[in-house]
Every structure is written in C-alpha cells, then in structure tokens.
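Letter 77 of the sequence shown, counting from 1, is numbered 76 in numbering that gives the first Met the number 0, and no numbers are missing.
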Amino acid sequence: MRIGELATRTGVPTKTIRYYEEIGVLPSPERAANGYRAYGPAAIERLLFVRDARTTGLSLTEISSILSLRDQGESTCNHVLGLLETHLKEIDTHIESLHKTRQQLASLTKRARRLDPSDCNDPHRCQTIAETGIMPTRRRSGAKHLHAAPSAHEHN
C-alpha cells in the first residue's frame with residue numbers, strides 16, 4: 000500500500016509517517032518500481048501502536064525503546080509498565096502543583112474582590128498581588144508567574 004492509504008488506515012498524517020521513518024520509529028519501506036513507498040501490513044500495526052502510545056504521553060524516544068525491544072523479540076511488558084508508572088508519578092506531581100496554584104489563584108481572586116478599585120492608583124504596583132505572601136517566590140524554568148517582574152525581553 001502507498002503512504003496515502005497507510006495514512007488513511009491509521010489516522011496518522013503522511014508528513015508524520017515520513018518523519019517517523021526519518022527518525023527510525025518506522026522502518027523505511029521498500030520502494031515500488033515507480034519510486035513510491037510500498038508498505039506492508041506490519042506498518043499499519045506499528046503505526047497504530049505508535050499513535051496509541053503517543054496518546055498515553057510516551058515520548059518518541061520511549062516508544063523507540065519499546066519498539067527496539069519488540070524488534071529484538073524481547074518482551075516489552077515490564078519496560079512499558081516502568082515507563083507508565085514513571086509518567087503516572089509525573090502527572091500526579093503536576094496535578095498536585097496545579098491544585099496548589101489553583102488555591103493560590105482562588106485566594107488572590109477573593110482578595111481582589113475585597114479591594115477598593117479606587118485605591119488602585121499606582122501604575123507600577125498591583126495591590127491585588129503585591130505583598131500578599133500568597134504566591135511562591137521560586138521560579139520554575141520556562142514558567143511565567145503572575146508575581147514575577149517582567150524580564151527585559153518581555154518589554155519588546
């Protein structure tokens with residue numbers, strides 16, 4: 000089958016299929032006499048697995064490690080279990096962090112509703128957030144916090 004049919008049967012775009020070939024997640028197929036890719040039934044199974052594994056949050060590197068074990072005829076169950084357990088712990092940590100952030104935002108919102116808008120006359124200071132002690136002072140890499148001063152590049 001050609002790449003368009005493979006894409007239709009798996010729901011994976013042709014561009015993604017080509018990318019998966021490029022990085023080795025999907026083996027390069029044979030080429031027909033006209034130069035078109037010619038995929039066999041195994042490509043469908045492999046792409047469906049990759050698609051489903053991506054929906055669980057596994058990275059392409061992790062998926063490649065699973066496929067490598069499978070290609071070598073080894074059992075993947077314990078490896079997959081370990082990856083899933085790791086992702087589950089990461090998600091639980093993220094949910095906990097989001098819950099704390101939500102509580103902080105709810106507290107700030109409650110505070111903002113109690114403040115008198117006529118007292119908000121300093122354009123350089125937000126009384127809703129300033130000096131509340133509610134928001135944490137630590138910064139996570141890549142994260143922007145409501146209480147953080149803008150960096151120089153954010154003014155542009």
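We put the CB at the ideal spot given by N, CA and C, even for glycine.
Note that this is a predicted model, so its numbers are computed, not measured.
With a cutoff of 8 Å on beta-carbon distance, Leu-107 and Thr-127 are scored as near each other.
One Cα belongs to Ala-105, the other to Glu-95, and the distance between them is close to 15 Å.
Residue range 76-113 is occupied by the alpha helix (DSSP H) that includes Gln-103. The count of Cβ pairs closer than 8 Å, one atom from the stretch 85-93 and one from the stretch 41-51, stays below three, leaving the stretches out of contact. Burial state of Glu-61 is buried, judged by a 10 Å Cβ sphere holding 16 or more other Cβ atoms. The criterion of a C-beta distance shorter than 8 Å is satisfied by Arg-45 and Leu-25.
Per DSSP, the unbroken alpha helix (DSSP H) holding Ala-42 starts and ends at 40-54. Between the beta-carbon of Thr-75 and that of Ile-65 there is about 5 Å, and that keeps the pair under the 8 Å contact cut.
The C-beta of Leu-5 has 16 or more other C-beta atoms within 10 Å across all chains shown, which makes the residue buried.
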